[in-house]
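Undergrad: All residue numbers for the sequence shown refer to UniProt numbering, where the first residue is 1 and numbers rise by one. Think of the CB as a built atom: it goes at the ideal place given N, C-alpha and C, for glycine as much as any other residue.
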Amino acid sequence: MSVQNQIIRWIDIYFPEYRNVFKDLCCRTSLVTLRLFPTPGDVLKYTPEEIQSGWKKHMKRAEGLARAQTLLHQAQHSVGEREALEEAKLFLMQLLDQYEQMSKQLEELETKALSFLELIPYTKHMLAIKGIKSNAVAGILAEAGDLSQYQHGNQLLRHAGLHLCEDSSGKHDRSRES
1 MSVQNQIIRW
11 IDIYFPEYRN
21 VFKDLCCRTS
31 LVTLRLFPTP
41 GDVLKYTPEE
51 IQSGWKKHMK
61 RAEGLARAQT
71 LLHQAQHSVG
81 EREALEEAKL
91 FLMQLLDQYE
101 QMSKQLEELE
111 TKALSFLELI
121 PYTKHMLAIK
131 GIKSNAVAGI
141 LAEAGDLSQY
151 QHGNQLLRHA
161 GLHLCEDSSG
171 KHDRSRES
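1. Taking D97 as part of the alpha helix (DSSP H), name the residues at either end of that continuous run.
2. From T33 to N154, what does the alpha carbon distance come to, in whole angstroms?
3. Touch check for the segment 58 to 78 and the segment 34 to 43: three-plus C-beta pairs under 8 Å?
4. According to DSSP, is E143 helix, strand or coil?
5. Alpha carbon to alpha carbon, what distance is there between H152 and S178?
6. Take the Cβ of V79 as the centre, count every other Cβ of all protein chains shown within 10 Å, and call the residue buried at 16 or more, exposed below.
7. In its own chain, which residues sit with a C-beta less than 7 Å from the C-beta of G54, not counting the 5 before and 5 after it?
8. How is the alpha helix (DSSP H) around T33 delimited, first residue to last?
9. Check the C-beta distance from S134 over to L127 and give it rounded, since I have them as a contact under 8 Å.
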């Protein structure tokens, strides 16, 4: 997230109109665009067809000509910083390299964690619950450990820091968390 935030900050400084072209600044097309055409000046060197051709070299399904035209239009009206662009581009390339490396590492870790889930017998029952994804099951098991060690669900709640109890008297009856 830190590297992603730095990339977003870089865009805000050097090409703020970029957000009008890509809503998700870290999607595949956006990252390829930042590598090929990082600044408005770089975008203005090309026609929409050349921009689209650049995308096609790096992606199987490239964006359309309309997106390239929008990018070119936004670059023409950019109010981004124009000082020290070569240094800024170098910094952006380093950030993009870090982001891609960390994304690959995260993907590998998630794959490995999911392969461990397959070894735990009761995870299939947990995954059968509607709305529970494998990442959530992995997180629960990582924090709680072996669920068979709990004799009652309330023990798991207490382990999580939630001690739910009922507070009642003759006049009122309410549930509270203590």
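TA: Concretely, from the data shown:
1. Walking along the sequence shown from the start, residue 97 turns up at place 97. In the DSSP assignment, D97 falls within the alpha helix (DSSP H) that extends over 85 to 117.
2. Looking up residue 33 in the sequence shown gives position 33. Looking up residue 154 in the sequence shown gives position 154. Roughly 51 Å separates the two Cα atoms.
3. Contact holds: three or more Cβ-Cβ distances are below 8 Å.
4. Counted from its first residue, the sequence shown places residue 143 at position 143. In the displayed model, E143 falls within a helix according to three-state DSSP.
5. Taking the sequence shown and counting its residues from 1, one reaches residue 178 at position 178. Taking the sequence shown and counting its residues from 1, one reaches residue 152 at position 152. Per-residue confidence for S178 stands at a pLDDT of 47, beneath the threshold of 50, marking its modelled position as unreliable; no derived number is given.
6. The residue you call residue 79 lines up with position 79 of the sequence shown. V79 counts as exposed, since fewer than 16 other beta carbons sit within 10 angstroms of its beta carbon.
7. Counted from its first residue, the sequence shown places residue 54 at position 54. Non-local C-beta neighbours of G54 in its own chain, meaning closer than 7 Å and more than five positions away in sequence, comprise L36, ordered along the chain.
8. Position 33 of the sequence shown, counted from the start, is the residue given in the question as residue 33. Segment 28 to 36, the alpha helix (DSSP H) holding T33.
9. On the sequence shown, residue 134 is found 134 positions in, with the first residue counted as 1. On the sequence shown, residue 127 is found 127 positions in, with the first residue counted as 1. At roughly 6 Å, the Cβ-Cβ gap stays under 8 Å, so S134 and L127 are in contact.
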